[in-house]
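Written below as structure tokens is the structure these notes are about.
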Amino acid sequence: MVAEPRRFSDLPDYAFPRLRRLLDAHPPGGEPLAMSIGEPTHPMPSFVGPILAAHLDGFRVYPPNEGTPELREAIAGWIARRHGVRIGPEQILPLNGTREGLYNVAMALCPEEKRGQRPVVLIPNPFYQVYLVAALSVGAEPVFVPATEETGFLPDYASLPPALLDRVALAYVCSPSNPQGAVAKREDWARLLDLAERHDFVVLSDECYSEIWRDAPPEGVLAAAAALGADPERVYLFQSLSKRSNLAGLRSGFVAGGKAGIARMLRLRSYAGAPLPLPLQRVAEAAWADEAHVEASRALYQEKYRIADAVLGGLPGYRPPEAGFFLWLPVGDGEATALRLWRETGVRVLPGAYLGRGSGDKPDHDNPGRGYVRVALVAAPEEVRRGLERIRDRL
1 MVAEPRRFSD
11 LPDYAFPRLR
21 RLLDAHPPGG
31 EPLAMSIGEP
41 THPMPSFVGP
51 ILAAHLDGFR
61 VYPPNEGTPE
71 LREAIAGWIA
81 RRHGVRIGPE
91 QILPLNGTRE
101 GLYNVAMALC
111 PEEKRGQRPV
121 VLIPNPFYQV
131 YLVAALSVGA
141 EPVFVPATEE
151 TGFLPDYASL
161 PPALLDRVAL
171 AYVCSPSNPQ
181 GAVAKREDWA
191 RLLDLAERHD
201 FVVLSDECYS
211 EIWRDAPPEG
221 VLAAAAALGA
231 DPERVYLFQS
241 LSKRSNLAGL
251 RSGFVAGGKA
261 GIARMLRLRS
271 YAGAPLPLPL
281 QRVAEAAWAD
291 EAHVEASRAL
301 YQEKYRIADA
311 VLGGLPGYRP
321 PEAGFFLWLP
331 VGDGEATALR
341 LWRETGVRVL
351 PGAYLGRGSG
361 DKPDHDNPGR
371 GYVRVALVAA
381 PEEVRRGLER
391 IRDRL
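Here is the structure:
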């Protein structure tokens, strides 16, 4: 468990500026292959251009803050089909990318105090950096909980001391997890939701990788909460078109959950938000209503899973991801390995420590990402194969 100070000045640099400083002073040792950034390269849906062209006049007007009725209906329809849960439009807020929602939810829902003390925000470690900045922005204490091989690469929040859990206001979860590709099962959700009920906190579930999976679609928090009879105000699902539909540049996502919490997020957006432009909302409506392009993209990722298994399956510690498009490879020293791979092969990967957080005077000493590199399987299959073969030959 790692507790963080209050100051923004203590934040480390973001992962990719750190990676540039590590690698860019050195020439690549072969044809450069980018396997560090999780930016999808599969084709975007063919309907994007025509829909955008047909609604260009929408750029003349301010977009509706709460999203168009059609977009919220499309999202509600997708939730019903994908998760078997029926919710109303007042339980959905379209987002200008999920980063907006994952940040603003803390502004909207985190109290100034919890039981007379500074509130705590739980964060898996490694983690998506916006979780930390959101906690610091509201004056909460970020507490990082390792998500390691010993815990199934998901954070074991139930292992925390009861006195600390009583101060928890919000708990971030990422399933499928980034970078490890682990998936929360029904029993994991049940344990977490029971903990949230007993200690009175809210679960924030980042499920942006949920539509890229190996064998079966991951269960999400809304389905688990409905099946377990959890209070709807305890759970919020965050989802995006970036990975699902290869539309990272569209900046379109949503948050869904309890009516009261969604109303508070919508009120905050009226002052400090940036609703998606109307033509882009029309594209998003079509994307949430269509599964054919998602299935085609998923098939490509499943092909790359098979390539990774074939190329790297003999490496000690290799673990096939259950979902998502990252490999989390144990290498001993992730930073040294990333530099060596770049200098010897031209393959660009991300040191795992850049996604995690340690403690004390040597913050990388107990960083749970230190011994790993993250490898993104976003390129075409044959390029992925070439990159993985170069990695295998140097590990």
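According to the UniProt record's numbering, the sequence shown holds residues 1 to 395 in order.
Even for Gly, the Cβ is constructed at its ideal location relative to N, Cα and C.
According to DSSP, residues forming a beta bridge with residue i
i, result
"glutamate 141", "Val120"
"proline 162", "Bridge partners of proline 162: none, in fact."
"valine 373", "Leu329 and Pro351"
"glycine 114", "Per the sequence shown, the amino acid found at residue 114 is lysine instead of glycine. Beta-bridge pairing links lysine 114 to Gln117."
"asparagine 65", "Per DSSP, none; premise fails for asparagine 65."
"alanine 323", "Trp213"
"proline 27", "Beta-bridge pairing links proline 27 to no other residue."
"asparagine 367", "Answer is none; asparagine 367 lacks a bridge partner."
"proline 146", "Asn125"
Spatial distance of residue i from residue j (CA atoms)
i, j, result
"arginine 251", "asparagine 367", "31 Å"
"glycine 258", "methionine 265", "11 Å"
"leucine 315", "aspartate 200", "44 Å"
"glutamine 180", "aspartate 57", "43 Å"
"glutamine 281", "alanine 230", "31 Å"
"phenylalanine 144", "alanine 135", "11 Å"
"alanine 34", "arginine 115", "48 Å"
"arginine 99", "arginine 386", "32 Å"
"valine 235", "aspartate 13", "31 Å"
"leucine 170", "leucine 132", "12 Å"
"glycine 317", "glutamate 149", "10 Å"
"alanine 163", "valine 203", "18 Å"
"leucine 165", "phenylalanine 127", "19 Å"
"alanine 256", "alanine 226", "13 Å"
"leucine 395", "glycine 371", "13 Å"
"tyrosine 103", "lysine 243", "19 Å"
Whole-Å CB distance - residue i paired with residue j, under 8 Å assumed
i, j, result
"proline 155", "proline 124", "4 Å"
"alanine 190", "alanine 224", "7 Å"
"leucine 93", "glutamate 66", "7 Å"
"threonine 352", "valine 373", "Here residue 352 turns out to be glycine, not threonine, going by the sequence shown. 6 Å between Cβ atoms; contact."
"leucine 52", "glutamate 285", "Incorrect: roughly 12 Å between the Cβ atoms, too far for contact."
"alanine 338", "leucine 329", "At roughly 11 Å, the Cβ-Cβ gap does not stay under 8 Å, so alanine 338 and leucine 329 are not in contact."
"alanine 308", "leucine 222", "Alanine 308 to leucine 222, Cβ: 30 Å. No contact."
"valine 173", "serine 205", "5 Å"
"leucine 300", "histidine 42", "6 Å"
"leucine 247", "glutamate 207", "Actually they are not in contact, since the Cβ atoms of leucine 247 and glutamate 207 sit about 16 Å apart, beyond 8 Å."
"proline 355", "isoleucine 391", "Position check: residue 355 holds leucine in this sequence, whereas proline was assumed. Contact flag wrong, Cβ pair sits at about 18 Å."
Reduced DSSP category for residue i - H, G, I as helix; E, B as strand; rest coil
i, result
"aspartate 188", "helix"
"residue 476", "No information on residue 476 is available, as it lies outside the stretch 1 to 395 that the chain covers here."
"valine 347", "strand"
"aspartate 206", "strand"
"alanine 34", "strand"
"isoleucine 79", "helix"
"glycine 93", "Note on identity: in this sequence residue 93 is leucine, with glycine being the wrong assignment. Residue state, collapsed to three classes: strand."
"alanine 171", "strand"
"proline 17", "helix"
"proline 381", "helix"
"proline 50", "helix"
"tyrosine 318", "coil"
"phenylalanine 153", "coil"
"phenylalanine 59", "helix"
"threonine 41", "coil"
"glutamine 302", "helix"
"serine 359", "coil"
"glutamate 285", "helix"
"valine 133", "helix"
"isoleucine 87", "coil"
"asparagine 104", "helix"
Residue i beta carbon near the ligand NAP (any heavy atom closer than 8 Å)
i, result
"tyrosine 372", "Because no ligand of any kind appears in the structure shown, any question about the ligand NAP cannot be addressed here."
Chain B contact for residue i (CB, 9 Å cutoff)
i, result
"leucine 154", "Going by chain labels, chain B is absent from the structure shown, which holds only one protein chain."
What runs of the alpha helix (DSSP H), each 4 residues or longer, lie entirely inside the region 227-281? 241-244 and 259-272
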